[in-house]
Amino acid sequence: GENVEQHPSTLSVQEGDSAVIKCTYSDSASNYFPWYKQELGKRPQLIIDIRSNVGEKKDQRIAVTLNKTAKHFSLHITETQPEDSAVYFCAASRESGGGADGLTFGKGTHLIIQP
Amino acid sequence: DVKVTQSSRYLVKRTGEKVFLECVQDMDHENMFWYRQDPGLGLRLIYFSYDVKMKEKGDIPEGYSVSREKKERFSLILESASTNQTSMYLCASSIISYEQYFGPGTRLTVT
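Quick note, the sequences are listed as chains A and B, same order.
In terms of the numbering used here, the first sequence opens at residue 604 and continues consecutively.
In terms of the numbering used here, the second sequence opens at residue 48 and continues consecutively.
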């Protein structure tokens with residue numbers, strides 16, 4: 604089955620700096636890569652996703668890059684703000700048979716924004 | 048807004064009890080999922096379902112079963128609860144090939 608590795612487990616950055624979280628996956632058939640943000644005591648929420656036919660995707664201060672050959676993808680947050688403090692999870696799955704399989708998640712990165 | 052609800056936020060059960068966790072979504076989503084979340088381990092997929100009466104095993108199905116009799120409802124069943132099933136349980140739903148929407152979670156403690 605799929606295995607997703609995520610690094611680092613904790614990341615502390617100064618407010619206004621950039622943050623980068625990296626993930627690798629093992630199953631070359633995976634073709635859908637979402638990123639979820641989970642604030643303390645709340646449910647995970649999708650912040651951005653990318654499919655394997657695209658190398659990069661941006662949404663305001665957030666971007667995701669995908670390298671299919673190396674089987675890794677990364678989340679980039681620019682101009683970090685205090686509200687970016689949360690746990691971030693990467694995930695991977697195959698989309699097959701007209702439906703999405705369940706997601707395989709990384710273990711999470713606790714992002715701390717220092718004022 | 049998509050709404051995914053779970054029957055309990057907190058639940059305490061004794062070892063050996065049969066436990067039912069209920070999840071309901073109101074957006075006519077085809078897919079529903081059960082995950083457990085443990086510190087340092089992320090979210091792990093237990094079971095999922097594409098349609099009524101359909102179920103597929105995820106990565107950690109041992110000790111669990113599921114039921115989907117109606118499209119909007121997906122139940123997770125612990126046949127005989129054990130202490131190693133103490134965890135946060137998260138339900139999610141999605142339209143085919145789109146993002147998964149999570150419920151608020153049920154924190155289950157088995158004593």
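Virtual Cβ for every residue (Gly too), placed ideally from N, Cα, C.
Under the DSSP assignment, Q147(B) falls outside any beta strand (DSSP E); it carries neither an H nor an E label. Note that the stretch 628 to 640 of chain A touches the stretch 650 to 660 of chain A; at least 3 beta-carbon pairs, one per stretch, sit closer than 8 Å. Chain-ordered listing is empty here: chain B has no CB closer than 7 Å to the CB of L669(A), the nearest sitting near 17 Å. For K60(B), the pairing in a beta bridge is given by DSSP as V157(B). In the same chain as K710(A), and ignoring 5 residues on each side of it, the C-beta atoms closer than 6 Å to its own belong to Q609, in chain order.
When Cβ-Cβ separations below 7 Å define contact, G705(A) makes contact with chain B.
If you draw a straight line from the Cα of A139(B) to the Cα of I124(B), it comes to about 16 Å. In the three-state reduction of the DSSP assignment, Q617(A) falls in the strand class, which pools E and B. Within the stretch 99 to 117 of chain B, the residues whose Cβ lies closer than 9 Å to some Cβ of chain A are E103, G105, D106, listed in chain order.
Using a Cβ-Cβ cut-off of 7 Å, G709(A) counts as an interface residue toward chain B, since at least one Cβ of chain B sits closer than that to its own. Taking 7 Å as the CB threshold, L649(A) lines the interface with chain B. Only those residues of the stretch 652 to 667 of chain A whose C-beta falls short of 7 Å from the nearest C-beta of chain B are listed: D652.
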